[in-house]
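Trainee:
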Amino acid sequence: MGNRSSVQKYYRVLFSLPSKTVIMALIVLTSLVLYTILGVFFKVFVSLIILSALLLYLYGLVEKNPFSTVKRVLGYILFSLVLVLFPVLVVKELLGITSVSVVLASLSGLLSILIVGISGLNRKTITYVLVSSLFLALVVFMFIKSNVIIFVYGVIPALLSIGTAYYVARHKIRGIDVLSVGIGFLRYKLNGEKLIERIFSRLSVFKNIQAHIISTSNAAIIYTDIHYGPFGRIGSSDFPSILSSFLKEYKTLILHGMGSHDRNIALKEYAIKYAELISNAIRSKKGRECIPIDTFTVRVNEWEALVCLFSCMALVFLSRTNGGIDDLPYSIQEYAWRKSVEEGIQPIVVIDSHNSELTVEPDITSIFTLIDKVVDSIKRIKIQNLNYCVGVSSSKINNTPGVVNGEITLLTLKTGEKYTCILYIPGNNMEPGVREELIKEMTMQGCDIAEVITNDEHSETGVFSGEVYKPIQLSRELLEKTRELVKQSLDNCSQEQLYYNNIVFKAPLMGNSIWRLKWFLEKLFYKVMIIDFINVLFVPIALTLILPA
Numbered sequence: 004m005g006n007r008s009s010v011q012k013y014y015r016v017l018f019s020l021p022s023k024t025v026i027m028a029l030i031v032l033t034s035l036v037l038y039t040i041l042g043v044f045f046k047v048f049v050s051l052i053i054l055s056a057l058l059l060y061l062y063g064l065v066e067k068n069p070f071s072t073v074k075r076v077l078g079y080i081l082f083s084l085v086l087v088l089f090p091v092l093v094v095k096e097l098l099g100i101t102s103v104s105v106v107l108a109s110l111s112g113l114l115s116i117l118i119v120g121i122s123g124l125n126r127k128t129i130t131y132v133l134v135s136s137l138f139l140a141l142v143v144f145m146f147i148k149s150n151v152i153i154f155v156y157g158v159i160p161a162l163l164s165i166g167t168a169y170y171v172a173r174h175k176i177r178g179i180d181v182l183s184v185g186i187g188f189l190r191y192k193l194n195g196e197k198l199i200e201r202i203f204s205r206l207s208v209f210k211n212i213q214a215h216i217i218s219t220s221n222a223a224i225i226y227t228d229i230h231y232g233p234f235g236r237i238g239s240s241d242f243p244s245i246l247s248s249f250l251k252e253y254k255t256l257i258l259h260g261m262g263s264h265d266r267n268i269a270l271k272e273y274a275i276k277y278a279e280l281i282s283n284a285i286r287s288k289k290g291r292e293c294i295p296i297d298t299f300t301v302r303v304n305e306w307e308a309l310v311c312l313f314s315c316m317a318l319v320f321l322s323r324t325n326g327g328i329d330d331l332p333y334s335i336q337e338y339a340w341r342k343s344v345e346e347g348i349q350p351i352v353v354i355d356s357h358n359s360e361l362t363v364e365p366d367i368t369s370i371f372t373l374i375d376k377v378v379d380s381i382k383r384i385k386i387q388n389l390n391y392c393v394g395v396s397s398s399k400i401n402n403t404p405g406v407v408n409g410e411i412t413l414l415t416l417k418t419g420e421k422y423t424c425i426l427y428i429p430g431n432n433m434e435p436g437v438r439e440e441l442i443k444e445m446t447m448q449g450c451d452i453a454e455v456i457t458n459d460e461h462s463e464t465g466v467f468s469g470e471v472y473k474p475i476q477l478s479r480e481l482l483e484k485t486r487e488l489v490k491q492s493l494d495n496c497s498q499e500q501l502y503y504n505n506i507v508f509k510a511p512l513m514g515n516s517i518w519r520l521k522w523f524l525e526k527l528f529y530k531v532m533i534i535d536f537i538n539v540l541f542v543p544i545a546l547t548l549i550l551p552a
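Just so we're aligned: the sequence shown equals residues 4 to 552 in the working numbering.
#1: Quick check on Gly430: does DSSP put it in helix, strand or coil?
#2: Only counting the same chain, and skipping five residues up and downstream in sequence, which positions put a Cβ closer than 6 Å to that of Phe44?
#3: Using the three-state DSSP reduction, which class does Phe467 fall into: helix, strand or coil?
#4: Determine the extent of the alpha helix (DSSP H) in which Ala453 is found, giving its start and end residues.
#5: Could you tell me the distance, in whole angstroms, from the CA atom of Phe188 to the CA atom of Arg75?
#6: For Ala274, report the span of its alpha helix (DSSP H) as first-last.
#7: Which parts of the stretch 274 to 348 are runs of the beta strand (DSSP E), unbroken and 3 residues or longer, counting only runs that do not cross its ends?
#8: Report the CB separation of Pro350 from Ser343 in whole angstroms; it is logged as a contact under 8 Å.
#9: Within this structure, are the beta carbons of Val119 and Thr128 separated by less than 9 Å?
#10: Quick check on this structure: which residue in Lys509, Gly514, Ile533, Glu499 has the alpha carbon closest to the alpha carbon of Ser218?
#11: If Pro21 and Leu193 are in contact, beta carbons under 8 Å, what's the gap, nearest whole angstrom?
#12: Which same chain residues end up closer than 6 Å to Ser468 when comparing Cβ atoms and leaving out the 5 residues on each side of it in sequence?
#13: With C-beta atoms as the reference, is Ser282 less than 9 Å away from Trp306?
#14: For Lys421, which residues of its own chain have a beta-carbon under 6 Å away from its beta-carbon, when the five flanking residues on both sides are left out?
#15: Rounded to whole angstroms, what's the CA-CA distance from Ala284 to Ala278? Just pull it up for me.
#16: Once DSSP output is grouped into helix, strand and coil, what is the label at Phe209?
#17: With DSSP collapsed to three states, give me the class of Cys230.
#18: Assign Ile386 to one of two classes, buried (16 or more other C-beta atoms within 10 Å of its C-beta) or exposed (fewer than that).
#19: What separation, rounded to the nearest whole angstrom, lies between the Cα atoms of Leu309 and Lys521?
#20: Are the beta-carbon atoms belonging to Leu29 and Val539 less than 9 Å from one another?
#21: Counting only runs that start and end within the stretch 119 to 154, where is the alpha helix (DSSP H) found for 4 or more residues in a row?
#22: Hey, would you say Glu200 sits closer than 9 Å to Ala269, going by beta carbons?
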């Protein structure tokens with residue numbers, strides 16, 4: 004798995020807990036601190052928290068949801084001890100009392116939020132939420148405080164949680180409510196459940212995608228026409244890893260084209276079928292003859308393109324010298340394809356090199372000018388019987404942050420007397436400046452033209468930029484391995500037979516639904532977080548001031 008573990012640790016912070024022993028120790032320490040603050044009231048305080056935790060655990064067992072594990076319930080107890088203390092102390096400061104009603108209201112709100120947030124809005128969930136809240140109130144009424152108003156403290160926060168969920172669920176995309184999407188994401192991250200994939204499938208649209216493949220007896224350059232998202236093991240997120248597993252004896256460069264999450268394959272089963280079709284074509288060692296003709300660079304403003312022209316197609320590796328590059332619109336590929344057809348030249352495939360994190364939003368209009376210049380340059384090149392050679396080398400890499408699957412590959416193309424080297428590093432983009440250092444190293448070792456690309460694989464990242472992930476970073480190991488790979492690929496450069504294959508496959512792509520989903524999530528997420536915190540922290544205080552019990 005290489006350096007995938009270094010990326011996974013980010014999500015462990017968000018979706019995992021320390022060991023049960025650590026949580027228990029923290030609970031004991033927190034309890035000791037709270038006992039000194041609350042005195043004898045601490046017994047009531049902690050008893051209600053434990054009772055609510057048992058209700059959560061029972062629901063988890065019955066529904067087989069993420070709260071069926073002891074560790075998560077212990078985590079809930081620890082979280083509750085800290086969170087519920089806030090309204091208790093505020094009321095104590097305002098009214099001079101330690102109120103069990105406040106504890107009840109806060110726990111009722113928190114319990115309701117968690118249950119609805121993991122199970123959604125259905126009759127069973129709503130019933131359990133209300134029954135649990137009333138049960139907590141009944142316990143307080145029978146054993147601590149005989150005041151019927153106590154039931155209001157139990158029910159009001161629960162109803163507010165349900166109302167908030169209804170507000171979110173009102174927002175729909177193609178008949179799918181946004182609440183279901185959020186629940187699907189949480190259940191995947193917490194339990195690995197694939198509910199989210201079924202939801203994405205319903206939001207998707209079937210479209211034809213095209214793979215363009217150039218292969219030798221032991222290596223392949225593969226353009227897949229898809230985006231490697233949205234996250235984890237969902238859809239096409241880990242497509243490069245899937246395809247590499249089918250081609251273990253091959254050195255592969257799995258390229259990232261134009262488009263973003265709109266080009267995600269929604270269902271993993273289709274991603275696997277697509278990978279199988281590609282691998283079968285490569286393994287057949289058949290296809291149209293493909294000869295390297297020339298390589299050259301084109302620049303327009305901040306954009307730079309390395310063009311690798313073959314007799315069968317043209318690969319245009321797009322980079323941005325300032326400001327970074329990340330998921331350019333698919334309309335660029337459509338334009339390039341249309342121009343190549345109109346001008347009667349080899350089909351052009353544009354590659355998003357993903358070799359520097361985006362820091363400044365780009366002006367993409369210059370890219371269309373760049374494509375025009377590429378087309379004009381290709382038209383001026385005359386196909387000759389060149390003495391070409393192809394060299395490929397790869398190496399394991401273990402100590403470079405951000406590298407997915409722990410292997411990098413270097414491709415060398417010799418056309419005429421010119422050596423062009425492309426370093427392929429699987430991972431989610433690259434820190435600014437790393438590309439330039441690696442290119443400098445490659446040119447020092449004998450490459451006339453050099454480029455560095457990643458595949459932007461999303462196997463450990465969230466749906467949208469801004470969610471935690473780890474870009475590829477510069478390391479001594481990466482520089483040393485690059486130096487070794489250049490030497491190896493130059494040494495093993497030979498005139499091998501190259502085959503070209505084009506595969507057309509119909510797959511469910513996310514399309515524009517993903518952007519509508521993004522808009523809804525951005526619109527609702529912070530609102531809902533604020534409402535939920537108000538429900539747990541401030542509604543209990545307000546109830547105490549309005550309806551003292």
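Ideal Cβ placement from N, Cα and C applies to all residues, glycine included.
Mentor: Reading off the structure:
#1: DSSP places Gly430 within a strand segment (E or B) once states are collapsed to three.
#2: Sequence-distant Cβ neighbours of Phe44 in its own chain, meaning closer than 6 Å and more than five residues away, are Thr101.
#3: Because Phe467 carries a pLDDT of 40, less than 50, the predicted location of this residue cannot be relied on, and no value is offered for it.
#4: Not the alpha helix (DSSP H): Ala453 falls in the beta strand (DSSP E), residues 452 to 457.
#5: Approximately 17 Å, taken between the alpha carbons.
#6: Boundaries of the alpha helix (DSSP H) harbouring Ala274: 271 to 286, taken from the DSSP string.
#7: Scanning the stretch 274 to 348 for uninterrupted beta strand (DSSP E) segments of 3 residues or longer gives 295 to 303, 306 to 313, 317 to 323, listed from N- to C-terminal end.
#8: Rounded to the nearest angstrom, the Cβ distance from Pro350 to Ser343 is 5 Å, consistent with a contact under 8 Å.
#9: Cβ atoms of Val119 and Thr128: closer than 9 Å.
#10: Nearest option by C-alpha distance: Glu499.
#11: Between Leu193 and Pro21 the Cβ distance is about 15 Å, and since that is not below 8 Å, they are no contact.
#12: Residue confidence for Ser468 is low, a pLDDT of 38 falling below 50, so the modelled location carries little weight; the figure read from the coordinates is stated next. Within the same chain, Ser468 has no close Cβ partners at all.
#13: Going by C-beta atoms, Ser282 is not nearer than 9 Å to Trp306.
#14: Only Asp451 meet the Cβ criterion.
#15: Between Ala284 and Ala278, the C-alpha separation is close to 10 Å.
#16: Residue state, collapsed to three classes: strand.
#17: Note that residue 230 is His in the sequence shown here, rather than Cys. Three-state DSSP puts His230 in a strand.
#18: Around the CB of Ile386, fewer than 16 other CB atoms lie within 10 Å, so the residue is classed as exposed.
#19: Approximately 33 Å, taken between the alpha carbons.
#20: Against a cut-off of 9 Å, the Cβ pair of Val539 and Leu29 comes out as no contact.
#21: Those alpha helix (DSSP H) runs which fall completely within the stretch 119 to 154 and span 4+ residues are 126 to 146.
#22: Between Glu200 and Ala269, the C-beta gap is smaller than 9 Å, which places the two residues in contact.
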